[in-house]
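Beneath this line is the structure, given in structure tokens, with notes to follow.
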Amino acid sequence: MKKNVKLQSFITIGMLSSISFLLMLFNFPIPPFPAFLEVDFSDMPALLAAITMGPVAGILVELFKNVLDWIFSGTPTGVPVGHMANFVTGILFILPVSFIFNRFKTITGLVGGLAIGTVVMAVGMSVLNYAVFLPMYTYFLGMEPVVGDSLYKMIVAGILPFNIVKGILLTGIMALLFTTMRKWIDRQRSMYIAK
Numbered sequence: 006m007k008k009n010v011k012l013q014s015f016i017t018i019g020m021l022s023s024i025s026f027l028l029m030l031f032n033f034p035i036p037p038f039p040a041f042l043e044v045d046f047s048d049m050p051a052l053l054a055a056i057t058m059g060p061v062a063g064i065l066v067e068l069f070k071n072v073l074d075w076i077f078s079g080t081p082t083g084v085p086v087g088h089m090a091n092f093v094t095g096i097l098f099i100l101p102v103s104f105i106f107n108r109f110k111t112i113t114g115l116v117g118g119l120a121i122g123t124v125v126m127a128v129g130m131s132v133l134n135y136a137v138f139l140p141m142y143t144y145f146l147g148m149e150p151v152v153g154d155s156l157y158k159m160i161v162a163g164i165l166p167f168n169i170v171k172g173i174l175l176t177g178i179m180a181l182l183f184t185t186m187r188k189w190i191d192r193q194r195s196m197y198i199a200k
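Heads up: the sequence shown runs through residues 6 to 200, numbered per this note's numbering.
Spelled out as structure tokens, the structure:
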């Protein structure tokens, strides 16, 4: 029985990773934010994996979708800086949701987790873009580094509010999915998550 559940979990993670990868291809900018900041809904399958099978499943979906996108789409820097940033962004968003929903298994618990996940993602990615990802990106592209006030403004006026808007969009969609897929989510949780 345990072998069947393990095999089923691998299949489900693979399926959700594939859906996540496909959703990643349909990205779009949100004016007035910088054009390099694009929204996609590829975190939704990872979020479903995290709340139905646990946080490790969500992390694996985030990892596999980014590896697939890197293989098939490449990267302008030659180094997957954007994919690393996307991976970390997804983890910062889904982990709080997974932990909070595991404690409070209601729509209120889910929305509370999504709100906290949005804040963690927005603040965490502001700090990480300031300290790690934007400097890496400019370095590998051979561009002049963005520093000082310019970098601060890019973070405060671009990256921080963008991630808040992205989190709000994902929260709305996940709340709708949860209400329509509640029975499936409960069934998956009963199979994969120990009581």
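Don't be surprised by glycine CBs; every beta carbon is placed ideally from N, CA and C.
* Can you give, in chain order, each stretch of the alpha helix (DSSP H) that sits fully within the region 88 to 135 and has at least 4 residues? -> Listed in chain order, they are 112 to 133.
* **Length of the line joining the Cα atoms of Ala136 and Leu27** => Their Cα atoms are separated by approximately 30 Å.
* Asked: Does the distance from the CB of Pro140 to the CB of Pro150 come in under 9 Å?
  -> Taking 9 Å as the Cβ cut-off, Pro140 and Pro150 qualify as a contacting pair.
* Just curious, the alpha helix (DSSP H) that Phe145 is in, first and last residue? -> Looking at the DSSP string, the run of the alpha helix (DSSP H) that includes Phe145 is 139 to 146.
* Residue nearest to Phe41 in terms of C-alpha spacing, selected from Gly163, Thr176, Met179 -> Each of Gly163, Thr176, Met179 was checked against the Cα of Phe41, and the nearest Cα belongs to Gly163.
* Asked: Under 9 Å, do Ile105 and Met58 count as touching if we go by C-beta distance?
  -> No.
* Asked: How should Asn9 be labelled, buried or exposed, when 16 other C-beta atoms within 10 angstroms of its C-beta is the threshold for buried?
  -> That one is exposed.
* Asked: According to the neighbour-count rule (16 or more other Cβ atoms, all chains shown, within 10 Å of its Cβ), is Met148 buried or exposed?
  -> Counting Cβ neighbours within 10 Å, Met148 comes out exposed, since fewer than 16 surround it.
* Apart from the five residues just before and just after Val84, which ones in its own chain have a Cβ nearer than 6 Å to its Cβ? -> Closer than 6 Å at Cβ, skipping near neighbours: Phe145.
* Asked: What residues in its chain sit with their C-beta under 8 Å from that of Val86, if we drop five residues either side in the sequence?
  -> Result list for Val86: Thr80, Phe138, Met141, Tyr142, Phe145, in chain order.
* Asked: Among the residues of its own chain, which have a CB less than 6 Å from the CB of Leu100, if the five just before and after it don't count?
  -> Once the five neighbours on either side are set aside, the close Cβ partners of Leu100 are Pro60.
* To do: Kindly identify the DSSP beta-bridge partner or partners of Glu67.
  => Per DSSP, none; premise fails for Glu67.
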